[in-house]
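Colleague: Taking our numbering, the leading residue of the sequence shown gets 6, the next gets one more, and so forth.
The beta-carbon is built from N, C-alpha and C at its ideal position, and this holds for glycine as well.
I have a structure here, written as structure tokens, and I will follow up with some questions on it.
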Amino acid sequence: MKKKYLIVIADYYKDISNGLLSSAKSILPKSSLIKIINVPGVFEIPVTISKNIKKYDAFLALGCVIKGQTPHFDFISHSSTDAIMKLSVENKKPIGNGIITCLNMRQAIARKKKGREAAQAVISVLSQ
């Protein structure tokens with residue numbers, strides 16, 4: 006049976022998001038059904054997954070948070086990660102966390118292929 010994947014991607018940093026998406030899609034099985042939903046930022050990813058949790062077998066959360074001058078980076082990073090983990094455990098569905106947290110744009114550019122690792126983790130859990 007074809008697995009259904011939902012990829013929720015924060016496109017605040019479009020170049021980084023496109024790299025994460027491209028690398029994630031490169032490893033997903035060709036026979037799978039994939040839907041992509043774009044959201045403005047990382048904070049909107051968990052609620053979007055929650056609204057769609059019953060419709061899909063697995064999820065990928067993709068986006069980028071870059072540290073600025075305020076604690077906002079910490080709040081967004083922690084709350085998003087905690088919400089994603091809670092959704093995954095409570096619903097017993099794999100959610101690959103491909104949200105990269107970086108200190109600057111140079112680090113983000115260097116890590117924009119990390120979507121592949123999130124996709125690999127989801128594939129691994131689905132096959133168990």
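How long is the line joining the alpha carbons of A115 and F64, rounded to whole angstroms?
Modeller: What you label residue 115 is simply residue 110 of the sequence shown in a count that begins at 1. What you label residue 64 is simply residue 59 of the sequence shown in a count that begins at 1. If I take the Cα positions, the gap works out to 24 Å.
Colleague: How do the segment 64-73 and the segment 103-123 stand: do at least 3 beta-carbon pairs fall below 8 Å, yes or no?
Modeller: yes
Colleague: On the three-pair Cβ rule with 8 Å, is the segment 120-130 touching the segment 92-107?
Modeller: yes
Colleague: In chain order, what are the residue ranges of uninterrupted beta strand (DSSP E) at least 3 long that sit wholly in the segment 96-124?
Modeller: 100-107
Colleague: Could you please give me the residues that DSSP links to A137 through a beta bridge?
Modeller: Here the chain has residues from 6 to 133 only, and residue 137 is not among them.
Colleague: On the DSSP letters alone, give me the boundaries of the alpha helix (DSSP H) that L26 sits inside.
Modeller: One-based indexing of the sequence shown puts residue 26 at position 21. From DSSP, the alpha helix (DSSP H) with L26 extends over K19 to K30.
Colleague: Please report how far the alpha carbon of S85 lies from the alpha carbon of S31, in whole angstroms.
Modeller: Within the sequence shown, numbered from 1, the residue matching residue 85 stands at position 80. Within the sequence shown, numbered from 1, the residue matching residue 31 stands at position 26. The straight-line gap from Cα to Cα measures roughly 25 Å.
Colleague: Given a threshold of 16 other Cβ atoms within 10 Å of its Cβ, counted over all protein chains shown, does P34 qualify as buried or as exposed?
Modeller: Here residue 34 refers to the residue found at position 29 when the sequence shown is read from its first residue. With fewer than 16 other Cβ atoms within 10 Å, it is exposed.
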